[in-house]
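Going by UniProt numbering, the first residue of the sequence shown is number 1, and it counts up by one from there. All C-beta atoms, glycine included, are put in the ideal place defined by N, C-alpha and C. All values reported here derive from a predicted model rather than from experimental measurement. The next block holds one structure in the form of structure tokens; read it before the comments.
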Amino acid sequence: MSARKTLLLVCDVQERFRSAIYGFDAITSMICKMVKAAHILEIPTLITEQNPKALGATVSEITNIVDNGPSSLNLGIHPKTRFSMVTDDTRKLLQEGEYDNYIVAGIESHVCVLQTALDLLKFPSSPNVYVLADAVSSCNKQEIPVALRRIERAGGVVTTTESLLFQLLGDAIDPKFKAIAGLIKEEKGNTAEALSVILGSEGGTETFRYESDIARLRSLVIHSIYSHKEVFLRELLSNANDALEKLRLTALTDRSVMSAGEGNVTIEVNIDEDSAGKTGQIIIRDTGIGMSKDELTKNLGTIARSGTSEFLKKAEEGKGVDGNLIGQFGLGFYSCFLVSPTARVSSLPPATSSNPNPTQYTFVSSATGDSFEVFPDPRGNTLGRGTEIVLTIEEDQGEFLSVNKLKELIEKHSTFSTTFPIYIKERKTTKVPIPAPQSPTADGDDDEFNDDLDSDEQTPKEDEFETVVDEKWVRVNDKAPIWMREPKEVSDEEYTEFYKAVSKDQTAETLGWSHFKGDTGSGVSFRAIMYIPAQLPKDFWQRITSGINNVRLMVKRVFITDDLGEEFMPRWLSFLKVTVDADDLPLNVSRETLQNHRFLSQLQRILVRKALDLFTRIAADEPKKFEEISKLYGNALRIGLLESQKDKIKLAKLLRFESTRTNYTSLEEYVANRKEGQKQIYYIAGVGEVAKDLARSPFVEKLLARGYEVLLLNLPSDEPMMASLDNFMGMTTHDVSKKGLKYGDEDEHEAEKKELEAQKVAFKPLTDWLKKDLAGQISDVVLTNRLVTSPCTIVVDSMGWSANMQRIMAAQQDAQDDPMFQMMKNLPKVLEINPKSPLIEGLLERVLDLPGGEDDEEEGGLRESEEEEELKQTVRVLFDTTLVRSGFSVADPTTYFELVESLLRRSLGVSLSAKPQINIRPSPPQAVGPVDESDTGADDPNSMLVEDMLQGAGEWKDWRQMKAEMEHDEL
């Protein structure tokens with residue numbers, strides 16, 4: 001390398017940055033050394049600044065050397081952009097010099113130095129670009145190695161000042177060698193200091209090799225154990241909480257460990273601006289107990305325990321693994337390699353009486369390497385106390401550089417994982433106009449003063465803006481884990497606010513909650529809060545599932561999962577919002593899938609019991625609020641009674657119904673209001689029907705007339721639920737549309753019994769005739785005393801399907817192809833007739849008047865009389881109408897309506913064979929050719945019809961005239 005055609009570029013080493021840049025003094029010293037060498041080697045120097053007010057702010061240590069050197073080597077100070085020293089002004093100067101080599105030094109290595117090197121490498125002359133690693137720095141030390149690696153990948157050379165100078169000298173016969181060698185010897189200490197600040201490579205670095213099992217274990221963590229990369233933040237925050245808890249416990253006996261301040265966790269995101277925000281760093285710091293050199297090595301590097309090989313074999317084969325392996329193997333830290341190729345951990349234990357001056361050490365490891373390094377932190381004791389983890393985020397994991405994304409992950413996994421505050425740094429970037437320079441004071445030449453006033457510099461240009469970055473720390477876990485407090489210490493407002501946080505909806509409301517703690521009996525204690533939402537999604541009943549996303553399981557305030565499986569919580573309680581925090585719980589390595597453990601089955605039973613207790617308490621203490629719960633979740637509780645036989649009595653007491661007595665009652669109230677001798681709970685069901693319509697059913701006529709209460713059920717689950725309940729507080733449930741209705745006082749009224757027996761004898765001709773005529777459609781015809789005004793009704797056997805149940809089952813998918821459905825649907829029904837109904841009495845008389853015996857035999861066969869045929873049609877109409885009124889469907893609606901029409905014709909004296917006058921105009925012939933699309937203004941057919949009617953109004957005939965013309969001989 002020759003010094004000829006070489007240029008030294010110095011970037012933005014301004015006094016105002018002295019306190020903000022890592023190793024500013026050491027870097028400045030190295031640049032001064034390089035400038036002195038450049039003078040000896042006759043290498044020109046160009047200084048750039050980004051200064052909105054005026055150039056000339058570079059530190060005096062550098063400018064004094066440049067100004068006192070040969071003027072031919074001083075290319076002056078030039079303005080730069082924030083991103084590069086290569087501007088339109090300097091580009092022309094650089095290219096005119098036809099330099100083969102560029103030496104770059106200065107600050108803002110992650111932005112300006114990096115971009116300058118990249119711009120120089122793009123010059124058509126393909127120059128060599130040398131970046132002095134010991135003469136560059138930045139406000140964030142961790143960004144410097146990243147920038148230097150990018151420069152090397154782009155074709156630049158990263159070297160040190162000493163190494164570069166020896167390359168420039170060539171050999172010892174060079175007359176300048178002695179001067180340069182003396183300069184190198186004089187500044188030897190500065191080189192070491194600068195490199196230690198920049199590269200973190202200080203004497204005392206120790207390299208350790210991972211054991212083979214640990215390397216395998218680390219690979220397993222990265223590639224197999226965790227299914228979601230986002231858990232890295234949860235694990236690192238959990239570790240931070242452990243460190244803070246250890247500090248708190250240590251402070252109980254040694255308060256001096258808190259001398260560096262109270263405990264907290266901070267998260268900071270640093271973006272590589274030259275990457276358009278696609279790469280950067282995440283820095284997580286805690287002020288916990290910290291680690292010494294040996295603890296760093298032991299806790300992060302040699303985590304092996306007995307049984308590691310056995311665990312690895314099982315884990316790699318996909319077999320089950322027992323025990324709390326996270327705690328046993330300390331795998332949480334290695335989750336950071338899910339998102340970062342490297343991890344840099346610096347830690348400082350607190351000062352104690354035994355170790356009053358602790359040293360801050362740094363642990364460095366890569367995701368794929370087989371070794372790690374531990375060395376004294378070249379920055380010194382910057383943490384005060386605690387641990388700092390620096391993760392390098394590449395472009396493929398760029399989503400985690402979003403502060404909003406990290407806040408979302410903290411809210412999901414770690415909002416309540418620690419009682420210590422978690423802060424995240426938010427940055428807001430704004431552009432503000434640069435103020436115009438003030439007018440000079442008129443203190444001499446008036447013309448000069450006026451010239452300044454007329455200058456364009458007096459008015460700022462539209463594009464003269466500077467970027468201002470506002471930074472602030474925001475606490476993200478400001479909602480305390482209220483379940484850890486005693487219920488009497490938590491106000492209703494706090495419960496309500498916590499529910500809003502759980503629901504992630506600031507407008508969410510709750511109808512009640514239960515805050516409790518317990519022990520499962522298997523040695524695992526827990527605390528929990530259960531909420532009843534005041535609203536449900538509109539499609540809840542269409543997508544009802546069991547337990548998913550409604551039970552949040554935590555262990556020691558660290559979120560574990562909200563997916564405990566479809567069988568964990570019964571679907572009828574899936575609307576509850578539950579947070580459970582266990583004191584301890586065996587997990588598998590990933591913390592994402594729970595092992596099979598008794599705790600889960602025991603917890604499920606406890607949660608169901610607590611939910612029932614919560615409903616019961618609200619029903620007793622807040623009946624108005626429970627009325628809202630009943631309207632919203634009554635159907636769910638009914639499903640619960642069907643699915644939970646063990647709890648069906650508790651659930652039955654929580655159900656509320658409409659009845660013929662009141663619009664809101666319970667089964668307990670029903671039993672309390674029962675009549676003397678009543679042993680049945682009467683109900684009638686009709687899905688979707690209004691209660692008042694159910695109350696008009698013929699099935700409840702006698703019950704209402706006698707003053708009995710009947711439950712009016714109109715939900716899909718009502719009828720199967722009542723059938724499943726069967727017995728409540730000594731009373732059986734009974735569907736009044738089925739056989740077996742009993743009042744309980746039948747034995748006490750002999751007169752009524754005798755009257756019914758006499759009626760059975762008197763009406764036997766009618767019942768026999770009806771059985772014969774309706775054979776195949778009914779199984780029996782009986783007289784009943786359940787009807788008051790209705791002539792008859794259709795009932796089913798106590799084990800058969802009611803009309804309501806038939807409709808429910810018919811709505812099921814593929815019901816028509818189900819043989820069981822067809823069998824139950826077609827089971828014969830019982831026709832119950834009311835002997836006191838005038839219509840039934842009339843039918844009896846018509847049956848008795850029918851001709852019978854041998855008189856009816858003519859020409860060798862039986863001939864039905866016209867009277868009997870007419871009676872049969874009347875009975876069929878009556879039967880089909882009774883089917884409809886009893887809730888069933890008519891088998892053949894068309895035939896039914898034809899029979900109704902026949903009866904209407906007879907009642908009006910219209911002939912059964914009379915037909916309407918038909919004059920139908922045929923359709924036009926088939927059209928030929930394409931449709932005329934332009935004919936879009938066709939007249940409205942309705943208006944044409946009205947017009948035709950009006951035109952023919954004068955020809956309309958009187959009805960009597962039309963009837964006379966239509967008369968036939970049979971009329």
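Cβ-Cβ separation between I684 and D735: approximately 7 Å, consistent with a contact (criterion under 8 Å).
Per DSSP, the unbroken alpha helix (DSSP H) holding Q759 starts and ends at 750 to 762. A contact is defined here as three or more CB-CB pairs under 8 Å, and the region 514 to 521 meets this definition with respect to the region 600 to 610. DSSP, read as helix, strand or coil, puts C32 in helix. If you compare the alpha carbons of A38, L46, I681, E373 with that of R209, the shortest gap goes to E373.
For K829, the uninterrupted beta strand (DSSP E) segment begins and ends at 829 to 833. Assigned with DSSP and collapsed to three states, H228 falls in coil, not helix or strand. M85: not part of any alpha helix (DSSP H); DSSP gives it neither H nor E.
Remark: C-beta atoms of S737 and S886 approach each other more closely than 8 Å. Here V502 has K577 as same chain residues with Cβ atoms under 6 Å from its own Cβ, once five neighbours each way along the sequence are excluded. Taking a contact as a CB-CB distance under 8 Å, the pair P349 and N357 does not count as one, their CB atoms being some 11 Å apart. Exposed is the label assigned to Q917, since fewer than 16 other Cβ atoms lie within 10 Å of its Cβ. One alpha carbon belongs to V104, the other to I144, and they sit about 14 Å apart.
Under DSSP, R427 takes part in a beta bridge, and its partners are E471. In the DSSP assignment, R527 falls within the unbroken beta strand (DSSP E) covering 525 to 533. Distance from the CA atom of I284 to the CA atom of N241, rounded to whole angstroms, is 12 Å.
Comparing alpha-carbon positions, the option among T616, N264, A26, T87 lying closest to T161 turns out to be A26.
Within the same chain, Cβ atoms closer than 6 Å to the Cβ of R427 are found at V469, E471, the five residues on either side in sequence being excluded. Taking a contact to require three or more Cβ pairs closer than 8 Å, the region 748 to 759 and the region 693 to 708 do not qualify as touching.
With respect to the C-alpha of N673, the residue from L711, S865, D718 having the closest C-alpha is L711.
Your pair I794 and L883 checks out as a contact, with CB atoms roughly 6 Å apart and the cut at 8 Å.
Contact check between the region 709 to 729 and the region 656 to 664: three or more CB pairs, one atom from each, fall below 8 Å, which counts as touching.
At a Cβ-Cβ threshold of 8 Å, P765 and L843 do not count as neighbours.
Judged by DSSP in its simplified three-state form, V781 adopts strand. Short of 6 Å from the beta carbon of F232, and not among the five residues preceding or following it, lie these beta carbons of its own chain, in chain order: S335, C336, L338, V339. Here V700 carries a helix assignment [DSSP, helix/strand/coil]. Between the alpha carbons of V890 and W801 lies a distance of about 16 Å. In the DSSP annotation of this structure, the continuous segment of the alpha helix (DSSP H) that includes E669 starts and ends at 667 to 672. Counting the other CB atoms within 10 Å of its CB gives R485 a total below 16, which places it among the exposed residues. If you look at M722, you'll find it in the alpha helix (DSSP H) that goes 718 to 725.
Three or more pairs of CB atoms, one per stretch, sit closer than 8 Å, so the region 828 to 846 contacts the region 781 to 796. Along the UniProt domain "Isochorismatase-like" (6 to 163), the beta strand (DSSP E) occurs as fully enclosed runs of 3 or more residues at 6 to 11, 45 to 49, 74 to 79, 101 to 106, 128 to 136, 157 to 159, listed in sequence order. A straight line joining the alpha-carbon of F333 with that of F375 spans about 19 Å.
Relative to R153, the option among L121, L165, V136 whose CA is nearest is L121. Of the other Cβ atoms in all chains shown, 16 or more fall within 10 Å of the Cβ of L168; this residue is therefore buried. Bridge partners of C336 according to DSSP: none are assigned.
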